[in-house]
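Undergrad: This structure is in structure tokens; I'll ask about it shortly.
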Amino acid sequence: MADTALKVHVQDLHKSYGETEVLKGLNLDIKNNEVVCMIGPSGSGKSTFLRCLTDLEVPSKGQVVINGYDLSDPKTNIDLVRENIGMVFQHFNLFPNMNVLQNITLAPVQLKKLTPAAADKTARDLLDQVGLADKATALPTALSGGQQQRVAIARALAMHPKIMLFDEPTSALDPEMVGDVLDVMKQLARDGMTMIVVTHEMGFAKEVADRVVFMADGLIRESGAPKDIFEHPQNPRLQDFLNKVINV
Amino acid sequence: MKKWQVAVVLCLAAIGSWFGLTTHAQAAEYTIATDTTFAPFEFQVKGGQYKGIDIDLLKAIAKKEHFTYQLKALSFNAAVQQLSANQVDGVIAGMNITPAREVTFDFSKPYYTSGVVMAVAKGSTVKNFNDLKGKTVALKTGTAGAAYGKSIQSKYGFKIKYFNDSNTMYNDVKVGNSSACFEDYPVMSYGIKNGIPLTIISKQHNAGDYGFAVKKGKNAALLKKFNAGLAAIKADGTYQKIINKYLHAKESKITGETASSRTFFGLFSQNLGTLGKGLWMTIELTVISIILATLLGLILGVLGVMPGKLGPAVSSTIIYIFRGMPLMVLAFFIYIGIPDLIGHGFKIPAFIAGMITLMLNEGAYTGAFVKGGFQAVDKGQMEAARSLGLPYWKAMRRVVMPQGIRIMIPSFINQFIITLKDTSILSVIGIVELTQTGTLIIARNFEGFKIWLMIAIIYLIMITLLTWLSNWVQRRIN
């Protein structure tokens, strides 16, 4: 185990699909309790970067150390690594063949982290926390997008992850649903969760992030405190991007 | 126990009890194959028993020589193939002794002499061989009639169409698809006496001898006993009695049928037992094959979507081979080809061979749509499950498979129905399931329309029941 204060250490990360290089050598360190928002134009590699952190995408080159586990080490048990990472997807990916409660308790029970009874209790507490206590027995298809995403967050939290990764969690939502999801995420941040959030919600980034990372064309072009990034952007790509996003 | 465990246990119990039955049946010293539809030499009578000159001769000879045997009724072709593949010990099926056959088989002393005649439909314009020019002649594969027909084909300039059983051949002439057929005289004249609307218009040609056959160099003892027994029953008059019984009597005397039982319902109630047996065989084959094919299909499907290259490669190769091979070829390959290859008297019971055939063929189709069903599950489902820390197989079993199987249900129902229908193809390796039962009943009473209608209705009823059952299961799952 490396420096325990360092949650994520990424060095010279490359990812190519055939001839196309999507990530061109990224370096990033994230400390405990830090909330990092990743912004940038579509296709800049933000999501790919996030997926490389849990081995959903295998890097072509470079090193990823997360929660002290080196993903490039063949001895690393990826399932164990993932148990400690909460991943939230753009399209929620709830299991449609299970109700809300079963979605949340599946992994803790299957991986013998909790007894079914304890998992049930944890799940109900988490549902309470995300404001969906009354939906425990509902099927995912009966929920709105915003509700589904909050269940997905509860599902990830049920494994007591040491870090949460959010891949554009509000992009697929109707505008009126976004607020509820962001509120849950803000609360998580306040509670001290280490978070990496790929997002287009500039307001959220400004308000919640400790650090904002701007990516374009497979590289980190600028990173810093939200104030600096949004008020004094240095990189012309960032200036251009902010102009487009803010003056819609 | 969980439901699937119950199913597996039941399935094993069924196979086990079936094995028990076969071992019991194999207590006989010899297995002797015969044709199914070659009256008066062999044909099935009411209740599924076989009768005929060959059958009675064999019985009398066995009694004289004190040996036991199990009779296996197949098509003539299958009987001969099985003899050469060592699947049976002998064949008695009105088989002509020919030089070509003597290369592979040892024959007994001739037990009957007959010639080939030409028969045409009543009122046909064909009066002699010369009239056959440009017309089609129906022949039964492997028979003396076929050999004779082929030998004069170029001389008289007709086309040839081959059939596997006599009755279908007669029918083809009767309905006018073929202009004539060539058949052994006693067989043809017996058929005509019993209602086949054809007329014999030639004298006997190419008279030949019928013999009992064993594989060359094998079963010399059996052949010796047959010859000794034949001489004995000729001496004591049993032989002539048998010949007279079949050549000079109407079939109804032998089968016990009456004219009044020729109505649809009369035929139905009369053949109820035989049809029931065939139906049960079809159900048995269908159920066991569906279970095995589904298991194989699930395995192939899971292999097909496994990460890495080996699993998908194995899966698609197996699917490619067994989906690409016609069911009939596969059945012959397993039943006749494999024992032939292994040698040492290795035998596969027809039922087992049929089951394996269906399992491989239907399993390959099932595998293909199971794979497709798993692939149709949103990739995000697997990613979400893995991201929670679930290992691949747990994620597969808990998340992807339940969703995939729901997508596959209509394909499963479809495949079950196809399996049920495909069991009929196994009649070619001598399994007496429903279709073969129909062939056998018609070979005896020539009531093609009524019997095939009966069989068709039974299949439709079964398929309707199966569809209802499947729909009920589908509603339960959803």
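If you're matching them up, the sequences are chains D and V in order. In terms of the numbering used here, the first sequence has 76 at position 76, counting the first letter as 1, and numbering is strictly consecutive. With the second sequence counted from 1, adding 248 to any position gets you the numbering used here. In this text, a Cβ means the ideal position worked out from N, Cα and C, and glycines have one as well. Keep in mind it's a predicted model, so treat the numbers as computed, not measured.
Counting pairs of beta carbons, one from the segment 370-380 of chain V and one from the segment 453-468 of chain V, are three or more of them closer than 8 Å?
TA: Short answer: they don't touch.
Undergrad: Taking 8 Å as the cut-off, decide whether the C-beta atoms of D:V212 and D:A189 are in contact.
TA: No, Cβ-Cβ distance for D:V212 and D:A189 is not below 8 Å.
Undergrad: Would you say D:H91 lies against chain V (beta-carbon separation less than 8 Å)?
TA: Yes, D:H91 counts as interfacial toward chain V.
Undergrad: Determine, using beta carbons only, whether D:F214 comes closer than 8 Å to chain V.
TA: With 8 Å as the cut-off, D:F214 does not count as an interface residue toward chain V.
Undergrad: For D:T54, go through chain V and note every residue whose CB falls closer than 7 Å to its CB, in chain order.
TA: Ordered by position in chain V, the residues that pass the 7 Å Cβ test against D:T54 are S635.
Undergrad: Say whether chain V places a C-beta atom closer than 8 Å to the C-beta of D:N27.
TA: Answer no: the Cβ-Cβ gap between D:N27 and chain V never drops below 8 Å.
Undergrad: Taking only beta carbons into account, state which residues of the segment 90-121 of chain D come closer than 7 Å to chain V, listed in chain order.
TA: Flagged, chain order: H91, N93, F95, P96, N97, L106, A107, Q110, L111.
Undergrad: Of all the options V:K409, V:I301, V:I536, V:A326, which has the alpha carbon lying nearest to the alpha carbon of V:F430?
TA: Selected option, being the one with the closest Cα: V:K409.
Undergrad: Please list the partners that D:E176 has in chain V, where partner means a Cβ-to-Cβ separation under 7 Å.
TA: Near D:E176 there are no residues of chain V at all, since even the closest Cβ is about 24 Å away, more than 7 Å.
Undergrad: Kindly indicate the opening and closing residues of the alpha helix (DSSP H) around V:G696.
TA: From DSSP, the alpha helix (DSSP H) with V:G696 extends over 696-725.
Undergrad: Kindly say whether V:P658, judged by its beta-carbon, lies nearer than 8 Å to any beta-carbon of chain D.
TA: Not an interface residue.
Undergrad: Which runs of the alpha helix (DSSP H) spanning at least 4 residues fall entirely within the segment 401-445 of chain V, listed in chain order?
TA: Listed in chain order, the complete alpha helix (DSSP H) runs (minimum 4 residues) inside the segment 401-445 of chain V are 414-422, 433-441.
Undergrad: To be precise: take each residue of the segment 614-640 of chain V, compare its Cβ to all Cβ atoms of chain D, and keep it if any distance is under 8 Å. Which residues remain?
TA: Within the segment 614-640 of chain V, the residues whose Cβ lies closer than 8 Å to some Cβ of chain D are D626, G628, Q629, E631, A632, A633, R634, S635, L636, G637, L638, P639, listed in chain order.
Undergrad: Assuming D:S16 is part of the beta strand (DSSP E), what are its boundary residues?
TA: Here the beta strand (DSSP E) through D:S16 covers 6-17.
Undergrad: By the three-class DSSP mapping on this structure, what secondary structure does D:I66 have?
TA: Reduced to three states, the DSSP call for D:I66 is strand.
Undergrad: Using DSSP with H/G/I as helix, E/B as strand and the rest coil, what is V:Y278?
TA: Strand.
Undergrad: Leaving out the 5 sequence neighbours to the left and right, which residues in its chain are closer than 7 Å to V:L471 when beta-carbon positions are compared?
TA: Cβ within range, chain order: D354, S356, V462.
Undergrad: If contact is defined by three or more beta carbon pairs under 8 Å, each pair taking one atom from either stretch, is the segment 625-644 of chain V in contact with the segment 79-97 of chain D?
TA: The segment 79-97 of chain D is in contact with the segment 625-644 of chain V.
Undergrad: Please list the partners that D:E83 has in chain V, where partner means a Cβ-to-Cβ separation under 8 Å.
TA: L636, G637, listed in chain order.
Undergrad: Strictly below 7 Å CB to CB, what residues from chain D border V:R646?
TA: Per Cβ cutoff of 7 Å: L106, Q110.
Undergrad: I want to know whether the segment 153-169 of chain D touches the segment 194-206 of chain D - three or more CB-CB distances under 8 Å.
TA: At 8 Å Cβ cutoff, the stretches touch.
Undergrad: Where does V:V469 land, buried or exposed, given buried means 16+ other C-beta within 10 angstroms?
TA: Looking at the sequence provided, one finds Ala at residue 469 of chain V rather than Val. Burial call: exposed.
Undergrad: Tell me which same chain residues have a C-beta within less than 7 Å of the C-beta of V:I309, skipping the five on either side of it?
TA: Closer than 7 Å at the Cβ level, and outside the excluded window around V:I309, lie F474, G477, L478, I481.
Undergrad: Taking Cβ to Cβ, would you say V:G359 is nearer than 8 Å to V:L322?
TA: Here the sequence assigns Tyr to residue 359 of chain V, which means Gly is not the residue at that position. It is not a contact, given that the beta carbons lie outside the stated cut-off.
Undergrad: What do you get for V:G424, buried or exposed, if any count of 16 or more other CB atoms within 10 angstroms of its CB means buried?
TA: That one is exposed.
Undergrad: Which of the residues in the segment 157-169 of chain D, read from start to end, lie with their CB under 8 Å from any CB of chain V?
TA: The residues in question are M159.
Undergrad: If you follow the beta strand (DSSP E) that D:E222 is in, where does it begin and where does it stop?
TA: Here the beta strand (DSSP E) through D:E222 covers 219-224.
Undergrad: What are the partner residues of D:V213, as DSSP defines its beta bridges?
TA: D:V213 pairs with D:M38, D:S223.
Undergrad: Out of V:F599, V:K320, V:Y487, V:F315, point me to the one whose CA is closest to V:Q292's CA.
TA: Measuring from the Cα of V:Q292, the nearest candidate turns out to be V:K320.
Undergrad: On the DSSP letters alone, give me the boundaries of the alpha helix (DSSP H) that V:L306 sits inside.
TA: Counting along the chain, the alpha helix (DSSP H) containing V:L306 begins and ends at 301-313.
Undergrad: If you measure from the beta carbon of D:Y17 to each beta carbon in chain V, is any gap under 8 Å?
TA: No, D:Y17 does not count as interfacial toward chain V.
Undergrad: Could you confirm whether any beta carbon from chain V is found closer than 8 Å to the beta carbon of D:D180?
TA: D:D180 does not count as touching chain V.
Undergrad: Report the neighbours of V:Q722 on chain C: residues whose CB is nearer than 9 Å to its CB, in chain order.
TA: No chain C appears in this structure, whose protein chains are D and V.
Undergrad: So what's V:K463 in DSSP terms, helix, strand or just coil?
TA: In this structure, V:K463 counts as strand in the three-state DSSP scheme.
Undergrad: For V:D670 and V:K698, I'd like the C-alpha separation in whole angstroms.
TA: Each residue's alpha carbon lies about 22 Å from the other.
Undergrad: Can you tell me whether D:G45 is helix, strand or coil according to DSSP?
TA: Three-state result, D:G45: coil.
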